[in-house]
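Chemist: For the sequence shown, the residue numbers in full-length UniProt numbering are 1 to 414.
We put the beta carbon where it would ideally sit given N, CA and C, even for glycine.
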Amino acid sequence: MEEVGADGRTEMCGATGEVSGRNPSEYLDSVPNPTATRDEPSLEYGCLLEAVVERENMKRALQRVKSNRGSAGVDNMPLSELKGYLKQEWSRIKEELLAGSYIPQPVRKVEIPKPGGKGVRMLGIPTVMDRLIQQALNQVLQPIFDKDFSDSSYGFRAGRSAHDAVRKARDHVASGKRWTVDMDLEKFFDRVNHDILMSRIARKVGDERILMLIRRYLESGMMVGGVVSQRTQGTPQGGPLSPLLSNILLDDLDKKLERDGHTFSRYADDCNIYVASKQAGERVLATVSRYLEEELKLKVNQEKSAVDRPWKRTFLGYSMTFHKVPRLKVARGSVKRFKSKLKEQFRMGRGRNLQRFIGALTPVLRGWANYYKLSEVKGIFEDLDGWIRRKLRAIIWRQWKRTYTRARNLMRRG
């Protein structure tokens with residue numbers, strides 16, 4: 001494969017992990033800026049695989065995989081054995097990657113309950129080796145794509161968060177866009193069309209080996225009960241590459257919304273569009289639904305999607321007040337789901353040492369409070385605090401058991 005360098009020279013992608021005449025770690029920074037438009041799918045980012053397997057990039061990927069922890073894949077290799085495995089096998093794996101002959105292993109299917117008990121979310125857990133390769137790929141591809149992503153896209157991007165997406169949503173409503181098009185993409189990660197996704201990646205990636213490797217990850221199959229089923233669509237959550245791939249595909253939606261002059265806030269597959277009237281919202285919902293189904297082969301769940309007032313809907317667990325300058329608050333559904341989760345914790349806490357139970361419960365409470373710290377309506381926290389205290393007192397009361405013990409302890413407390 002050939003690549004035109006910044007100085008106009010044509011360079012060859014070697015099979016040794018180097019680009020002739022250039023250090024791989026310096027190569028990515030010197031790739032020329034693409035001059036083609038989004039509709040011209042021949043952007044020349046060749047020889048990227050050399051940057052992926054370059055030593056420093058792999059070291060960073062290994063550190064990231066270690067810090068994320070995670071369970072074993074279909075080969076049952078734990079993370080603790082990865083370093084020793086790399087010492088023995090990395091030369092062979094690297095050679096296979098550069099030659100375009102590496103075959104990823106299937107992912108292990110894991111189902112976790114969705115919030116509120118509404119079905120399950122399917123995860124595909126790659127082997128630790130494939131997680132490492134995906135992370136290395138992500139580190140090289142992310143900066144190539146991210147610089148052209150929409151400013152209204154907040155999911156899985158450095159320096160951006162769900163809190164930023166929620167703040168932007170509030171700002172849109174404060175600006176006078178007091179109707180929201182709340183779109184729900186039906187089983188988004190399960191329905192991603194491989195051909196459409198690959199065509200979007202190929203707009204910026206000219207290295208056929210990387211395109212082939214990503215395609216193999218998409219089609220690697222999923223193991224359930226020892227049986228591997230092949231995948232023809234979808235990009236299961238659970239691997240380091242999945243968030244970037246979802247943003248690459250949905251960037252087309254972002255750009256359409258921008259071309260049409262809409263204000264919106266998107267975090268992964270959660271997207272709310274803000275308009276000035278209900279009629280405008282209904283037109284937008286119909287237009288966007290048609291675009292997603294015809295152009296991206298994605299389906300909008302019409303039962304869950306709606307045009308409504310923002311304070312009647314939920315976005316990333318938050319809602320807002322109806323004031324001219326709205327205030328953020330924790331959505332009722334978020335409180336209800338959290339209480340359901342805590343009830344299970346309290347059931348498991350019966351008979352346990354109270355201090356240990358509180359020690360285990362504290363990080364859960366702290367994490368929830370930290371996520372909802374943007375809430376400007378504080379009454380819900382006071383109500384939740386009282387509810388938790390009553391539950392704790394109920395545990396203590398059961399542990400005292402005997403009438404004499406209860407009476408004695410109550411007298412001690414005055």
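To the nearest angstrom, how far is the alpha carbon of I196 from that of L249?
Modeler: Straight-line Cα distance between these residues: approximately 8 Å.
Chemist: Ordered along the chain, which non-local residues of its own chain (more than five positions away) have a Cβ less than 6 Å from that of F322?
Modeler: Hits under 6 Å: W311.
Chemist: Do N272 and V205 have their CB atoms nearer than 9 Å?
Modeler: Cβ distance not < 9 Å, so N272 and V205 don't count as in contact.
Chemist: Going by the DSSP bridge assignment, what does F264 pair with across the sheet?
Modeler: Looking at the DSSP assignment, F264 forms a beta bridge with I273.
Chemist: Which residue comes first and which comes last in the alpha helix (DSSP H) that contains G359?
Modeler: 354 to 371 is the extent of the alpha helix (DSSP H) around G359.
Chemist: Using three-state DSSP, classify E289 as helix, strand or coil.
Modeler: As written in the sequence, residue 289 is Ser, which differs from the Glu given in the question. Three-state DSSP puts S289 in a helix.
Chemist: So, with DSSP's three-state summary, where would you put D151?
Modeler: In the structure shown, D151 sits in coil (DSSP, three-state: anything other than H, G, I, E or B).
Chemist: According to DSSP, simplified to helix, strand and coil, what is I103?
Modeler: Residue state, collapsed to three classes: coil.
Chemist: Please go through the same chain and pick out, in chain order, the residues whose beta-carbon is closer than 8 Å to the beta-carbon of L292, but skip the five residues on each side of it.
Modeler: Only L185, L253, L298, K299, V300 meet the Cβ criterion.
Chemist: Would you identify the three-state DSSP class for F315, choosing helix, strand or coil?
Modeler: F315 falls in the strand class under three-state DSSP.
Chemist: Counting C-beta neighbours from all protein chains within 10 Å, is the total for G379 16 or more, i.e. buried, or is it exposed?
Modeler: Result: exposed.
Chemist: Need the endpoints of the alpha helix (DSSP H) that R64 sits in, please.
Modeler: 55 to 68 is the extent of the alpha helix (DSSP H) around R64.
Chemist: Taking the straight line between their C-alpha atoms, what separation do you get for K109 and W179?
Modeler: About 39 Å.
Chemist: Just verifying my parser: in three-state terms, what is the DSSP assignment at D207?
Modeler: The answer is coil: DSSP assigns D207 none of H, G, I, E or B.
Chemist: Specify, as a first and last residue, the run of the alpha helix (DSSP H) that R121 falls within.
Modeler: No alpha helix (DSSP H) contains R121, which is instead part of the beta strand (DSSP E) from 120 to 125.
Chemist: Quick one, are the C-beta atoms of S152 and L241 less than 9 Å apart?
Modeler: It is not a contact, given that the beta carbons lie outside the stated cut-off.
Chemist: Which same chain residues, not among the five before or five after M348, have their C-beta less than 6 Å away from its C-beta?
Modeler: If we look at M348 and ignore the five residues flanking it on each side, it has no Cβ neighbours.
Chemist: Would you decide whether A394 is buried or exposed? Buried here means 16 or more other CB atoms lie within 10 Å of its CB.
Modeler: Exposed, by the Cβ-count rule.
Chemist: Can you tell me which of the three DSSP states M212 falls into?
Modeler: Helix at M212.
Chemist: Does the Cβ of residue 435 have 16 or more other Cβ atoms within 10 Å, making it buried, or fewer, making it exposed?
Modeler: This structure cannot speak to residue 435, because the chain is shown only from 1 to 414.
Chemist: Using a Cβ-Cβ cutoff of less than 7 Å, which residues in the same chain neighbour M58 once the five nearest sequence positions on both sides are dropped?
Modeler: Hits under 7 Å: A136.
Chemist: Distance check for P126 and K278, CA to CA, integer angstroms please.
Modeler: Cα to Cα, K278 sits roughly 44 Å from P126.
Chemist: Given this structure, state the Cα-to-Cα distance separating R283 from S175, to the nearest angstrom.
Modeler: Taking the straight line from one Cα to the other gives about 20 Å.
Chemist: So, for S220: in the same chain, excluding its five sequence neighbours on each side, which residues have a beta-carbon less than 6 Å away from its beta-carbon?
Modeler: Answer for S220: P104, P106, listed in chain order.
Chemist: Identify, in the order they occur along the chain, each residue of the same chain with its Cβ nearer than 8 Å to the Cβ of R38, setting aside the five sequence neighbours on each side.
Modeler: Here R38 scores only 39 on pLDDT, less than 50, and its place in the model is too uncertain to base an answer on.
Chemist: My output table needs one value for P113: the three-state DSSP class, helix, strand or coil.
Modeler: P113: strand per DSSP, three-state reduction.
Chemist: Could you work out which residue in H172, L296, S305, S334 is closest to L316 when comparing CA atoms only?
Modeler: The shortest C-alpha separation from L316 is found at S334.
Chemist: Going by DSSP in three states, N76 sits in which element: helix, strand or coil?
Modeler: Reduced to three states, the DSSP call for N76 is coil.
Chemist: Beta-carbon within less than 8 Å of L244's beta-carbon, same chain only, minus the 5 sequence neighbours each way: which residues are those?
Modeler: Around L244: N138, L141, Q142, F145, F156.
Chemist: In chain order, what residues of the same chain have a beta carbon less than 8 Å from the beta carbon of V325, not counting five sequence neighbours either side?
Modeler: The residues are A174.
Chemist: For the beta strand (DSSP E) holding V377, just list the boundary residues, first then last.
Modeler: Taken as a continuous stretch (DSSP letters only), V377 belongs to no beta strand (DSSP E), as it is neither H nor E.
Chemist: Which residues mark the beginning and the end of the alpha helix (DSSP H) in which A306 is found?
Modeler: First-last for A306: 306 to 308, but that is the beta strand (DSSP E), not the alpha helix (DSSP H).
Chemist: Residue range of the beta strand (DSSP E) that K255 falls in?
Modeler: K255 -> not in any beta strand (DSSP E); alpha helix (DSSP H) instead, spanning 242 to 259.
Chemist: Whose C-beta lies closer than 8 Å to the C-beta of I396 among residues of the same chain, with five residues either side of it excluded?
Modeler: These residues qualify, in order along the chain: L354.
Chemist: Since I believe S319 is in contact with K329 (beta carbons under 8 Å), could you give me their beta-carbon distance rounded to a whole number of angstroms?
Modeler: Right, their Cβ atoms sit about 6 Å apart.
Chemist: On the DSSP letters alone, give me the boundaries of the beta strand (DSSP E) that L328 sits inside.
Modeler: From DSSP, the beta strand (DSSP E) with L328 extends over 328 to 330.
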